[in-house]
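Chemist: Numbering (this note's numbering), first residue to last: 32 to 226. Ideal Cβ placement from N, Cα and C applies to all residues, glycine included. Being a predicted model, the structure only gives us computed values, none of them experimental.
1) Along the chain, where does the alpha helix (DSSP H) containing residue 98 start, and where does it finish?
2) Give the DSSP-derived three-state secondary structure of residue 123 in the structure shown.
3) Quick check: what's the CA-CA separation for residue 37 versus residue 52?
4) Take residue 89 and list the residues in its own chain whose beta-carbon comes closer than 7 Å to its own, dropping the five residues that flank it on each side.
5) In whole angstroms, what is the alpha-carbon distance linking residue 45 and residue 194?
6) Among 189, 175, 196 and 98, which residue has its Cα nearest to the Cα of residue 135?
7) Roughly how many whole angstroms lie between the Cα atoms of residue 220 and residue 47?
8) Counting beta carbon pairs with one atom in the region 185–201 and one in the region 59–71, are three or more of them shorter than 8 Å?
9) Would you give the residue range spanned by the alpha helix (DSSP H) that residue 175 belongs to?
10) What would DSSP say about residue 207, mapped onto helix, strand or coil?
11) With C-beta atoms as the reference, is residue 123 less than 9 Å away from residue 192?
12) Would you grab the beta carbon distance between residue 131 and residue 74 for me? Rounded to a whole angstrom, and I think it's under 8 Å.
13) Helix, strand or coil for residue 153, going by three-state DSSP, please let me know.
14) Might you give, ordered along the chain, the residues of its own chain that have their beta carbon closer than 7 Å to the beta carbon of residue 70, omitting 5 neighbours on each side?
15) Taking C-alpha atoms, which residue in 139, 164, 138 and 137 lies nearest to residue 148?
16) What's the gap between the Cα of residue 93 and the Cα of residue 81?
17) Which whole-angstrom value is the C-beta distance of residue 208 and residue 56, which I expect to be below 8 Å?
18) Between the alpha carbons of residue 170 and residue 115, how many angstroms are there, rounded?
19) Cα-Cα, which of 41, 49 and 42 is closest to residue 204?
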């Protein structure tokens, strides 16, 4: 039977692996921020493959559900995913332009709603909501005024920032988890370790 110290070492290694994965994601995010055009194209190709694979899996699931009410709905959704995946893989630049326009419109509408909502409600978070609304509106306008050129870097920048912050979060969890495990195992007495 494994003792607490042995389990602590295994747990510490697991947290170390999590920190290593976080470091790899953070490095990928930094590289993506340097090469945003490549990151945009890569994210579009990944998106296309995810749609394609998701469509194929959905089609297999629909075939397994033959004879149920789900079958035709599953086939239609799977076919749409497969078709969208093929289009994204054939035209990643056009997809990036479309998604960048969509992101700009989301920022604009979100910013306007936050601005108007903060002025109308004037709640306890008035200043922060107003600032968020102004930032969203400004970001949407910046992306929109530079469109379609902005499609070369906006999505890659967002994708890279997401990788960077996810990586930093995993590093923090891994390092913090290792510290907690070492504190707990250091506090254990030899009698507890032998049980």
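Modeler: Let me lay it out:
1) No alpha helix (DSSP H) contains residue 98, which DSSP labels as neither H nor E.
2) It is helical.
3) 23 Å
4) 105, 108, 109 and 112
5) 20 Å
6) 175
7) Summary for residue 220: the model assigns pLDDT 49, below 50, so the residue's position carries little reliability, and this model does not support an answer.
8) Touching, yes.
9) 157–176
10) helix
11) The answer is no: Cβ separation not under 9 Å.
12) That pair is no contact at about 11 Å.
13) coil
14) Taking residue 70 as the centre and dropping the five residues before and after it, the same chain places the C-beta of 63, 187, 190 and 191 closer than 7 Å to its C-beta, in chain order.
15) 164
16) 18 Å
17) About 17 Å separates the Cβ atoms of residue 208 and residue 56, ruling out a contact at the 8 Å cut-off.
18) 28 Å
19) In terms of CA proximity to residue 204, 49 leads the group 41, 49 and 42.
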